[in-house]
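Right, one structure below, let's go through it.
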Amino acid sequence: MNSFTYKEYSGINKLYLKIIEVKNGYGDNRWLTFKQIQDKGYHLQKGAKGAKVEYYIPYDNKEKKWISFDEYNKYSRDPEFDDERFSLKQRIYTVFNASLIDGIE
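Residue numbers (this note's numbering): 50 to 154.
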């Protein structure tokens with residue numbers, strides 16, 4: 050689970066993080082990005098190793114910006130929808146287990 054958003058990871062990300070959690074003996078199933086750790090005022094322990102998670106997120110090629118799936122669905126219902134305007138792009142984030150973070154409860 051992402052400790053900042055309280056969302057459960059899904060698919061291969063969930064499996065991958067569980068494997069790392071068990072392999073490393075972490076007693077916590079919460080994960081945060083470095084930015085989330087900073088935003089909360091927590092501190093990452095020295096030498097902590099992160100894990101990569103990946104997402105595919107809609108990208109508006111015309112506006113040159115990332116959009117939510119809700120926005121994409123809204124556009125796709127338009128009768129003049131231009132399929133080439135949008136693409137799914139991969140985003141990779143490094144997350145750290147809560148066991149490696151000082152200050153988190």
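Note that beta-carbon positions come from the ideal geometry of N, C-alpha and C, so glycine has one too.
| Item | Value |
| --- | --- |
| Q94 beta carbon less than 8 Å from that of D151 | yes |
| Integer Cβ distance of F83 from Y108, believed to fall under 8 Å | The Cβ separation is near 23 Å, so there is no contact. |
| Inter-residue Cα distance where the pair is D119 and Y104 | 15 Å |
| Same chain, Cβ closer than 8 Å to Y58, neighbours up to 5 away in sequence not counted | M50, N51, L66, W80 and V102 |
| Three-state secondary structure (DSSP) of Y75 | coil |
| Simplified DSSP state of D127, which is helix, strand or coil | coil |
| Three-state class that DSSP yields for K84 in the structure shown | helix |
| Proximity of G99 and F130 at Cβ, strictly below 8 Å | no |
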